[in-house]
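Peer 1: Quick one: the structure is below, and I'll ask about it shortly.
Numbering (the working numbering), first residue to last: 557 to 1025.
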């Protein structure tokens, strides 16, 4: 408990310290006046991406799936990297050109003018699904505290909400980015420590591998229940998770980090920090998920998302258990704060009848969003993994195809943009409704449907003078 409190206090102090650099403007509160260094941009983005979903959801998924979960990691990172090569720098350039402070705002004004209905629709989607996403982060914190201290699930969710609200109110996105950088270091250290201790406790790498091999089908390279047999099913499975990684371009809370970078020409340096930490952390999380199957075979009849805090209690002394818990909370807070601020900016800048500029109005909306996310988390209606994947795929299907077309400088009529967003989301939801997401990640057909709608309908909806050659 003591080490846990020390780490939480440290995160809070880092966030509060950002108030000394605050410029007191709306732009500074939501996008740090586009002045964030490449190192802070990369570390903040990786901490925001690797949320409670990674500590709780991915480990639970790997616990059940085994070695085949590695394709989720490889596909996700590769897809994310490809998206970065095509999108991130152009997004940062457009952010400066439009002088916008929200993701929805940049999309609506990318080609000049202001596609007001696109802005409003994008803001509504942001609030609804990032709000649900934020609730998943708070729920992840509640699960960890329940296992480690025996507290009710609600206690951890409330604690995360209070801390996040505290430093977001103090320094806005700058506080979020500063704490993200500190949290990313704690997250990697915590996961690395648990992996090393876990392997050592089983007698080393060779002994661990031999014990994993005794679990039926656990070291199969691919799942047994693929949609298609043979190589076709394998390729479809991997490509599906590549689309999950590519879906990062539709996540406003992550993309705002790259929008806040001090210079578009520094994107390569930011990318080095981002993918170095991303790869190390994801590999460690997958390894710990597999180790937990050996240490905690009895969890098969319980909630597998409790694997990480449970194995930490079993393997580590109390002071280091506090470190692991701090890592989980760091992961949940680093994403929750970004989600809360993204929802708040959509409400104050894009949805309100008039743009709210006063400091007390902006911060009041931050409190409202935090409270609503907490209420959803307390309902405990979804697993962390499912809630995050649903939100992630919906946002990807809504925003990914439109952003891709804008980056390629194809003209987009407002009606066509709305059709692309609606059709992409609808396809993803239907895919999940009919349980096809068990075979292929629903964001893949959602984004493909959005792209297809552009190329099929542009001759009808885009004015003749603006059609691409």
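For glycine and all other residues, C-beta sits at the position ideal for the given N, C-alpha and C. As the structure is a computational prediction, the values presented were derived from the model and not from experiment.
What whole-angstrom Cβ distance do residue 900 and residue 685 have, given they're in contact under 8 Å?
Peer 2: Not confirmed; about 15 Å, so no contact.
Peer 1: In terms of DSSP beta bridges, what is residue 944 paired with?
Peer 2: Answer is none; residue 944 lacks a bridge partner.
Peer 1: Is residue 794 helix, strand or coil when you go by DSSP?
Peer 2: Helix at residue 794.
Peer 1: Which class does residue 817 belong to by DSSP, given the choice of helix, strand or coil?
Peer 2: Residue state, collapsed to three classes: strand.
Peer 1: Could you round the C-beta distance between residue 847 and residue 754 to whole angstroms and report it? I think they count as a contact, below 8 Å.
Peer 2: That pair is a contact at about 4 Å.
Peer 1: Roughly how many whole angstroms lie between the Cα atoms of residue 654 and residue 669?
Peer 2: Going by the C-alpha atoms only, they are around 10 Å apart.
Peer 1: Using three-state DSSP, classify residue 968 as helix, strand or coil.
Peer 2: Correct three-state label for residue 968: coil.
Peer 1: Cβ of residue 1026 within 9 Å of Cβ of residue 561?
Peer 2: Lying outside 557 to 1025, the shown extent of the chain, residue 1026 is not represented and no answer is given.
Peer 1: Please return the same chain residues whose Cβ sits closer than 6 Å to the Cβ of residue 636, not counting the five positions on each side in sequence.
Peer 2: 801, 804.
Peer 1: Among 974, 968, 954, which has the Cα closest to the Cα of residue 983?
Peer 2: That would be 954, whose Cα lies nearest to the Cα of residue 983.
Peer 1: With which residues is residue 592 paired in a DSSP beta bridge?
Peer 2: Paired residues: 817.
Peer 1: Going by CA-CA distance only, name the one from 868, 694, 810, 766 that's closest to residue 720.
Peer 2: That would be 694, whose Cα lies nearest to the Cα of residue 720.
Peer 1: Can you tell me the Cβ-Cβ gap for residue 1003 and residue 957, rounded? I've got them flagged as a contact below 8 Å.
Peer 2: Going by Cβ atoms, the distance from residue 1003 to residue 957 rounds to 5 Å, so yes, they are a contact pair.
Peer 1: Is the beta carbon of residue 1009 sitting closer than 9 Å to the one on residue 975?
Peer 2: Yes; because the gap between Cβ atoms is below 9 Å, this pair is in contact.
Peer 1: Tell me, please, whether the region 579-599 touches the region 814-826 by the rule of three or more beta-carbon pairs shorter than 8 Å.
Peer 2: Flag = yes, the region 579-599 and the region 814-826 touch.
Peer 1: Sorted by chain position, which residues of the same chain lie with C-beta nearer than 8 Å to residue 930's C-beta, five sequence neighbours on each side aside?
Peer 2: Counting only Cβ-Cβ distances below 8 Å, and skipping sequence neighbours, we find 691, 694, 713, 714, 717.
Peer 1: Would you call the CB atoms of residue 727 and residue 920 closer than 9 Å?
Peer 2: Not a contact, by the Cβ cut-off of 9 Å.
Peer 1: Between the alpha carbons of residue 697 and residue 932, how many angstroms are there, rounded?
Peer 2: Their backbone Cα atoms lie some 14 Å apart in a straight line.
Peer 1: Could you round the C-beta distance between residue 626 and residue 842 to whole angstroms and report it? I think they count as a contact, below 8 Å.
Peer 2: That pair is a contact at about 6 Å.
Peer 1: Please confirm whether any heavy atom of the ligand HEM lies closer than 8 Å to the CB of residue 983.
Peer 2: No copy of the ligand HEM appears in this structure; indeed no ligand is present at all.
Peer 1: Are residue 774 and residue 614 close, meaning C-beta to C-beta below 9 Å?
Peer 2: For residue 774 and residue 614, no; Cβs fall outside 9 Å.
Peer 1: Comparing alpha-carbon positions, which option in 996, 1012, 557 lies nearest residue 779?
Peer 2: Nearest of 996, 1012, 557 to residue 779, Cα basis: 996.
Peer 1: Hey, residue 568 and residue 722: beta-carbon distance below 9 Å or not?
Peer 2: A contact, by the Cβ cut-off of 9 Å.
Peer 1: Within 10 angstroms of its Cβ, does residue 1027 collect 16 or more other Cβ (buried), or is it exposed?
Peer 2: It is not possible to answer for residue 1027, since the shown part of the chain is limited to 557 through 1025.
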